[in-house]
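In mature numbering (1 follows the signal peptide of the UniProt record, and there is no 0), the protein residues as written are -21 to -1, 1 to 762.
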């Protein structure tokens, strides 16, 4: 549960643009300017170690006092004190004896944690408690230096009076803190300050009677980095996180956020780790949204998020719950817990018992969808799944699996039916393999019973109360790997991997499962099924639909294959997969033409990865529809990633209008144009100090930009500043807006960070790339 926390003085921000290489270089440069401890650390209590004194001359006036002059060097373990004059006195006797060193004039002191110069010191040689005047100090092995009129150095605490502190290197006075008193806690790695003034270039800009400043990576309660931004939607925004380190395994962050055009929003996050598991509970609340574009009746906008994972021996519990006040929430707010491109929020839980040969899972799920629709998705509550596996039956020839489920479906619409579904699915596999390939013979039985109840609405459609469906299935899957001994590309070894599959499942009319929607358009998907997206690997799936309510007949042969190229180091550099389904008979789920496949073959599907070299990668996929005689789907990405986080990625996405409408289910809105999108992402460290990031996505069909972002970051050893501007496509709540009218939100953010207080020099470029409407994705499999 690590959380880096910094006081208001640090004004930490999201540092945008550091790559790993630059991070290492900057860390090395910053640490070159600080003293480093050399030699082996002394083990044990240093106060119990002997004291060694060297000097040009010494004089002992009596048994309890001695004076030393000229290059005096006092050592005890890792501690070293140097001066021109020192007096050593001894008080007490036996176990109560105490030795003190008195230094008049200039001195230099050093141990494994601090290096300082001063004058007129009193040092207890037993405990090393020291009082020194006119101190100029610098931390050892990390950034941090300053001055003090007087220093009191104890085993755990070091107290500085009329003192200053900065993490900047010598001769750099970009910022500093001056305080009446600074107390450093060596154990907790924190500095407390009273009467503190924060100065930038010597000019005081902030005062507080008390401040707390972390000097390491420990979690500390206090004010975190404030966040400033300017948006055409929010106006000027100021967010001030307050971090509460409740316990080693609990913490919370409370963030009031003021938006001049919308009001005060409160954001909270609570993290926990205990015997019941680990998780995060978060909320966002705006009492009355003044956003003019939002026309909803409830002006109170809120979000609730809960994620939990636990393991109790053989039991596992998982919760993933996100709910928002309205369908436009993620369009109108930037949140860590959702995105404007998300079409729904998920609420689900599962409790499972797991054994080597079986598992039992009790779960529930529902979705809060953001599309405008009269009928929302079904919730599954409760759902009980039991799975059993046993391999090596019949003298090791057969593998057996059993999947069974009982689930209750409910819908908020009174027009829609409710149902219990009971499903049993036994499966036998005969895996055969040798040096040339493998053949897997599989037989499976889908046995499903539905107990359906008509919706309570006045015009709810009648449904068949009891439905039974039994479908056997047979599948033969043949794969082999052939080595091309010709090596027709010098320096590369090629493999050919043919893949042939035969799948048979008889037809069963399933129109009596589920119902039509309120507009009497046939849904065709039952309670929890959805049409699966087709790609090369999906060609070898058993079913066209997810869920169990729509199991299409099958009498088909899938032919495909993959070729791979390996270099002399046995590293895969290129692959190409190509395949197609051939329908021996039409695939159907009922008598509706919309739910049958009358075509003789599926689209050709191809996927490819190419690792051009260590810096360049390419990936692409392509589908050609043999009925439409045109490209159905295509996408590709080209990335240049030479080192660390530096990267340039270009991508393209295409979906045919005819292909989309051909695969839409009844009642769905039809597309009136192709989808054509291009995009580019650039993140680059110019040098150790300067970095830039840019992102641009464009809809070619609309000839409109979808998202634009540009940012620049300047980093030094003790501070950094970043400026970012974003413009992205959003939607309007105005029903009078034209269908082709587009709306944009424009925002600018300026962030300032104080650095050098801990060991973390990373800037968070990777996390920044994951944000936005279309976050960065590394799509390459050849790495």
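No residue lacks a Cβ here, since even glycine has one placed at the ideal position from N, Cα and C.
Smallest Cα separation from residue i: which of the options?
i: residue 637; options: 603, 664, 659 and 617; result: 603
i: residue 583; options: 568, 564 and 558; result: 558
i: residue 487; options: 452, 511 and 658; result: 452
i: residue 56; options: 89, 79 and 34; result: 89
i: residue 393; options: 352, 375, 437 and 383; result: 437
i: residue 222; options: 208, 193, 474 and 243; result: 193
i: residue 385; options: 375, 359 and 303; result: 359
i: residue 426; options: 415, 417, 28 and 400; result: 400
i: residue 651; options: 264, 681 and 628; result: 681
i: residue 229; options: 598, 389, 31 and 256; result: 256
i: residue 723; options: 46, 310 and 421; result: 310
i: residue 564; options: 185, 578, 224 and 551; result: 578
i: residue 224; options: 374, 248 and 373; result: 248
i: residue 506; options: 527, 519 and 520; result: 527
i: residue 327; options: 517, 434 and 297; result: 297
i: residue 29; options: 21, 35 and 36; result: 21
i: residue 432; options: 390, 410 and 408; result: 390
i: residue 456; options: 447, 589, 16 and 540; result: 540
i: residue 218; options: 244, 11, 407 and 376; result: 244
i: residue 397; options: 417, 289, 420 and 441; result: 441
i: residue 388; options: 368, 344 and 417; result: 344
Tell me which same chain residues have a C-beta within less than 6 Å of the C-beta of residue i, skipping the five on either side of it?
i: residue 673; result: 661 and 689
i: residue 172; result: 158, 161 and 190
i: residue 443; result: 491
i: residue 77; result: 70, 71 and 105
i: residue 166; result: 135
i: residue 634; result: 612 and 654
i: residue 275; result: 305
i: residue 585; result: 557 and 601
i: residue 372; result: 379
i: residue 605; result: 580
i: residue 627; result: 619 and 661
i: residue 123; result: 146
i: residue 498; result: With a pLDDT of 42 at residue 498, under the threshold of 50, the predicted position of this residue should be treated as unreliable, and no value is reported.
Along the chain, where does the alpha helix (DSSP H) containing residue i start, and where does it finish?
i: residue 310; result: 308 to 311
i: residue 375; result: 372 to 375
Let's see if you can read the secondary structure: which residues bound the beta strand (DSSP E) around residue i?
i: residue 134; result: Run containing residue 134: none; DSSP gives neither H nor E here.
i: residue 771; result: Summary: the structure shown does not reach residue 771, with the chain confined to residues -21 through 762, and so no result is reported for it.
i: residue 415; result: No beta strand (DSSP E) holds residue 415; DSSP gives it neither H nor E.
i: residue 704; result: 698 to 709
i: residue 610; result: 609 to 619
i: residue 153; result: Neither: residue 153 is in no beta strand (DSSP E) and is coded neither H nor E.
i: residue 471; result: Looking at the DSSP string, residue 471 is not in any beta strand (DSSP E), and its letter there is neither H nor E.
i: residue 209; result: 206 to 210
i: residue 563; result: That residue, residue 563, is in no beta strand (DSSP E); it is neither H nor E in DSSP.
i: residue 172; result: 169 to 179
i: residue 441; result: Segment: none, residue 441 is in no beta strand (DSSP E) and carries neither H nor E.
i: residue 344; result: 337 to 348
i: residue 603; result: 595 to 604
i: residue 453; result: 445 to 459
i: residue 652; result: Premise fails: residue 652 is in no beta strand (DSSP E) and is neither H nor E.
i: residue 239; result: Careful: residue 239 lies outside any beta strand (DSSP E) and carries neither H nor E.
i: residue 66; result: 58 to 70
i: residue 12; result: Counting along the chain, residue 12 falls outside any beta strand (DSSP E), and DSSP gives it neither H nor E.
Within a Cβ cutoff of 7 Å, which residues of the same chain sit near residue i, ignoring the five residues on either side of it in sequence?
i: residue 308; result: 280 and 282
i: residue 16; result: 91, 119 and 120
Keeping to the same chain, check which residues put their C-beta closer than 8 Å to that of residue i; ignore five residues upstream and five downstream.
i: residue 562; result: 534, 535, 576, 578, 579, 580 and 581
i: residue 476; result: 458, 459, 460, 461, 540, 541, 542 and 543
i: residue 184; result: 177 and 178
i: residue 515; result: 539, 556, 557, 558, 584, 585, 586 and 600
Inter-stretch contact at 8 Å, needing at least 3 Cβ pairs: the region 312 to 322 / the region 331 to 345
Three or more beta-carbon pairs separated by less than 8 Å are not found between the region 312 to 322 and the region 331 to 345, which leaves the two stretches without contact.
Closer than 8 Å is the cut-off here; do at least three beta carbon pairs connect the region 465 to 477 with the region 534 to 546?
yes
Contact between the region 528 to 536 and the region 475 to 485 is defined here as three or more beta-carbon pairs at a separation below 8 Å; is this criterion met?
Touching, yes.
Would you be able to state if there are at least three C-beta pairs under 8 Å between the region 271 to 280 and the region 321 to 339?
no
Residue ranges of each beta strand (DSSP E) run of no fewer than 3 residues wholly in the region 17 to 54, ordered along the chain?
Listed in chain order, they are 31 to 33 and 36 to 41.
Between the region 231 to 242 and the region 200 to 216, are three or more C-beta pairs nearer than 8 Å?
Yes, the region 231 to 242 touches the region 200 to 216.
Taking the runs of the beta strand (DSSP E) that are 3 residues or longer, which of them lie wholly in the region 78 to 121?
93 to 103 and 109 to 118
Complete beta strand (DSSP E) runs within the region 654 to 682 (minimum length 3 residues, chain order):
654 to 664 and 669 to 678
Please go through the region 250 to 333 and give each complete beta strand (DSSP E) segment of 3 or more residues, from N-terminal end onward.
256 to 265, 280 to 291, 294 to 303 and 323 to 333
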